[in-house]
Amino acid sequence: MKPDHVRMPIPFVAASDYTQTNAWVQALQQAMPDERVVAFNQLSESEKQSVTVAIVANPDPANLQQLPALTWVHSVWAGVERLVADLGRGQLKIVRLVDPQLAETMAEAVLAWTLYLHREMPAYARQQKNSQWLAREYIRPQSKTISLLGLGALGEAAAKRLLAAGFQVCGWSRSQKNIAGVDCFSGEAGLSAMFARTNILVCLLPLTPDTRGLLNAARLAQLPKGASLVNFARGAIVQDADLQDALNTQHLQHAVLDVFETEPLPIASWHWQHPQVTVLPHISAPTDKQTASAIVAGNVRRYRDDGSLPVLVDVAKGY
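Take the working numbering: the last position of the sequence shown gets the number 319, and nothing is skipped along the way.
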């Protein structure tokens, strides 16, 4: 590594109200001891002129504009729709986090909350509230079809967990995939065909112009009566009013929602008190700072060594 590279700082740039900046700086510094990782506000004016790479967590674009030599940013999140919206029109290259640990954490959450619905936990909670002692009929997992919207790294890991638990598994993706044991679909016709056989729909799609509002009244109506929804992707993928109608009319049995268009979820939101909704505070797959920092460090090291960059976000696709 060249001496000037050692001296060049790498800023961690986040929103002004982000509370984990110091923890990230510490984890990243431990993962790349030959670098100097600092919070953005610790950069000197002269250092701001020489920075070529920054590590970011939904940064304020105005801060990045103070780094004229910046050529690429490495997000510590897998989802980059906000970065693309803020930065996508410029020449700045964007790298998103691809972490196998994140996929395993998400797969664990998908299995956990699928089992929550499969074993009728919401119904038993209602019965307890009413002091009602009633055993509900058991249904084997082999009789249930779990459908995954999105078959990237997260979806594939989730599919394997669900298959191991005995469920029938389907999956839909933008381009056709082939995963052993999974009935894979693509395209609009594939979406309708998969929905028609779904008992629990799990959304893992990135938020893009194509997926925004994807789960609207028409598509929710394609699910069989009594199906349930798990949204671990982004709130804006679901048309909120249409979801409320589908629950109120009993077309959908339950919705487990970990993501919302406005977060934290406002106290006045209908979701909090709806008997067929489970609200989660965006906890399905938190980023592991240690594994993520190791991945970022490896990508930065290769960039320092030979100028190579990881796979870049396709701004047109949004991921």
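For glycine and all other residues, C-beta sits at the position ideal for the given N, C-alpha and C. These numbers come from a predicted model, not from an experiment.
- Each residue's CA atom was taken as its position, placing V182 and I10 some 42 Å apart.
- According to DSSP, residue pairing for F40 in a beta bridge does not occur.
- Excluding sequence positions up to five before and after Y116, its CB lies within less than 8 Å of the CB of P122, V256, T278, all in the same chain and listed in chain order.
- Look at H118 here: in three-state DSSP terms it is helix.
- Boundaries of the beta strand (DSSP E) around F185: 183 to 186.
- Annotation: V37 to A57 spans about 14 Å, alpha carbon to alpha carbon.
- Under the criterion of beta carbons closer than 8 Å, M8 and S50 qualify as touching, at roughly 6 Å.
- Residue state for I55 is assigned as strand, using DSSP reduced to three classes.
- Taking 4 residues as the minimum length, the alpha helix (DSSP H) runs contained wholly in the region 126 to 166 are 153 to 164, in order along the chain.
- Ranked by Cα distance from T21, the options L223, S293, L67 are led by S293.
- V98 has no beta-bridge partner at all, per DSSP.
- Distance from the CA atom of V238 to the CA atom of A103, rounded to whole angstroms, is 22 Å.
- N231 is bridged by DSSP to C203, L257.
- Excluding sequence positions up to five before and after N63, its CB lies within less than 6 Å of the CB of V13, F40, all in the same chain and listed in chain order.
- In the structure shown, the three-state DSSP call for H271 is helix.
- When DSSP states are grouped into helix, strand and coil, V313 belongs to the coil group.
- Taking a C-beta distance under 9 Å as the contact criterion, P209 and G318 qualify as a contact pair.
- In the same chain as V53, and ignoring 5 residues on each side of it, the C-beta atoms closer than 8 Å to its own belong to I10, L70, T71, W72, V73, H74, V300, Y303, in chain order.
- G171 carries a strand assignment under DSSP once its states are collapsed to helix, strand and coil.
- The C-beta of I295 has 16 or more other C-beta atoms within 10 Å across all chains shown, which makes the residue buried.
- Secondary structure of W72 (DSSP, three-state): strand.
- V311 has its alpha-carbon roughly 45 Å from the corresponding atom of A125.
- By the neighbour-count criterion, in which a residue is buried when 16 or more other Cβ atoms sit within 10 angstroms of its Cβ, K144 is buried.
- For V279, the enclosing beta strand (DSSP E) covers residues 277 to 279.
- Its Cα nearest to that of D240, the residue H271 stands out among H271, R89, R82, L280.
- A residue is called buried once 16 or more other Cβ atoms fall within 10 Å of its Cβ, and G298, having fewer, is exposed.
- By a beta-carbon distance limit of 8 Å, A217 contacts D242. Their separation comes to about 4 Å.
- Between V202 and F232, the beta carbon gap of about 7 Å places them in contact (Cβ cut-off 8 Å).
- For A221, the three-state secondary structure derived from DSSP is helix.
- For I295, the enclosing alpha helix (DSSP H) begins and ends at 289 to 306.
- A Cβ-Cβ contact shorter than 9 Å links P68 with K48.
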